[in-house]
Amino acid sequence: WIKTETSDGIATITWNGPGNTPNVFNEASLAEFTTAIRTVIADPAVTGVVITSAKPDFIVGADLRMLLEARRYSRADYFERVRGVQQLFRDIETGGKPVVAALNGTAVGGGLELALACHARIAANRPSSRFGLPEVQLGLLPGAGGTQRLPRLVGAREALGLITQGRTVPADKALALGMITEIVPPDELLTRARDVARTIEPTQPWDRKGFRIP
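Set out below in structure tokens:
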């Protein structure tokens with residue numbers, strides 16, 4: 001699921017699920033990603049991190065089969081599993097190293113929630129790409145921090161509409177709202193993401209003194 005390469009201090013973590021299926025969160029992918037991101041954050045030779053995908057899209061959320069398997073666990077155990085993902089994303093924010101999401105395609109659901117936990121989100125200029133938190137269409141609400149980070153980026157009014165209506169938006173609209181940081185040509189995506197990882201501060205706006213929700 002996960003491949004990590006490091007060059008000139010920048011670690012690139014690439015999601016590439018087996019077969020032709022899109023990248024999703026499941027037990028296997030989350031376990032590999034957790035190991036990969038914690039390893040590079042702890043590595044003193046790594047000065048910045050880029051998270052991207054080898055698939056046409058970034059990550060399209062959770063594998064619904066994983067949710068159905070929740071019946072194997074007690075409520076308390078499953079709650080702790082979900083809290084583990086939330087804590088992992090918070091550790092990305094506060095790990096002290098710049099983390100940039102290089103969004104080569106669509107990022108929705110948990111995929112967007114991961115991107116929101118990164119310090120910058122660079123999107124490839126592809127008309128087919130969509131961004132949003134459409135979980136409500138399945139009777140769910142975002143569970144990996146999207147309900148907290150999205151309002152802090154785009155404002156409560158816009159975030160509430162996106163979350164409760166399950167809308168997704170193209171890259172230009174996502175940029176205008178503040179969901180993503182920048183749009184670049186597809187062939188420049190990784191180069192630009194690595195450059196940003198070398199220059200940005202490894203803190204989120206909401207962790208800085210004086211922050212106010214837009």
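Note that the numbering used here has the sequence shown beginning at 1, numbered continuously upward. Built from N, CA and C at the ideal position, the CB exists for glycine as well. These numbers come from a predicted model, not from an experiment.
Give me the DSSP bridge partner(s) of Val169.
Here the question's residue 169 lines up with position 169 in the sequence shown. In the DSSP output, where bridge partners are listed per residue, Val169 has Phe131.
Where Asp187 and Gly61 are concerned, what is the direct C-alpha to C-alpha distance, given to the nearest angstrom?
In the sequence shown, the residue the question calls residue 187 occupies position 187. In the sequence shown, the residue the question calls residue 61 occupies position 61. Going by the C-alpha atoms only, they are around 25 Å apart.
Take the Cβ of Ile213 as the centre, count every other Cβ of all protein chains shown within 10 Å, and call the residue buried at 16 or more, exposed below.
Sequence index remark: in the sequence shown, residue 213 carries index 213 (1-based). Flag for Ile213 reads exposed.
Which two residues bound the contiguous alpha helix (DSSP H) that contains Ile37?
Looking up residue 37 in the sequence shown gives position 37. Where Ile37 is concerned, the enclosing alpha helix (DSSP H) stretches over Glu27 to Ala42.
Can you tell me whether DSSP reads Ile163 as helix, strand or coil?
Here residue 163 is taken as the residue at index 163 of the sequence shown, counted from 1. Ile163: helix per DSSP, three-state reduction.
Please work out which residues of its chain come closer than 8 Å, Cβ to Cβ, to Asp172, disregarding the five sequence neighbours upstream and downstream, and give them in chain order.
Position 172 of the sequence shown, counted from the first residue, corresponds to residue 172. Once the five neighbours on either side are set aside, the close Cβ partners of Asp172 are Ile183.
Who are Glu69's beta bridge partners in DSSP?
Taking the sequence shown and counting its residues from 1, one reaches residue 69 at position 69. In DSSP, Glu69 forms no bridge with anything.
Buried/exposed call for Val50, threshold 16 Cβ in 10 Å
Looking up residue 50 in the sequence shown gives position 50. The residue is buried, with at least 16 neighbouring Cβ atoms inside 10 Å.
Where does Ala31 land, buried or exposed, given buried means 16+ other C-beta within 10 angstroms?
Locating residue 31 in the sequence shown gives position 31, counting from the first residue. Label assigned to Ala31: exposed.
Are the CB atoms of Gly110 and Ala70 within a distance shorter than 7 Å?
Residue numbering aside, residue 70 sits at position 70 when the sequence shown is read from its first letter. Residue numbering aside, residue 110 sits at position 110 when the sequence shown is read from its first letter. Result no, Cβ atoms of Ala70 and Gly110 do not sit closer than 7 Å.
Can you tell me which of Leu64, Ile13 and Val196 puts its alpha carbon nearest to the alpha carbon of Ala36?
Numbered from 1 along the sequence shown, position 36 holds the residue referred to as residue 36. It is Ile13.
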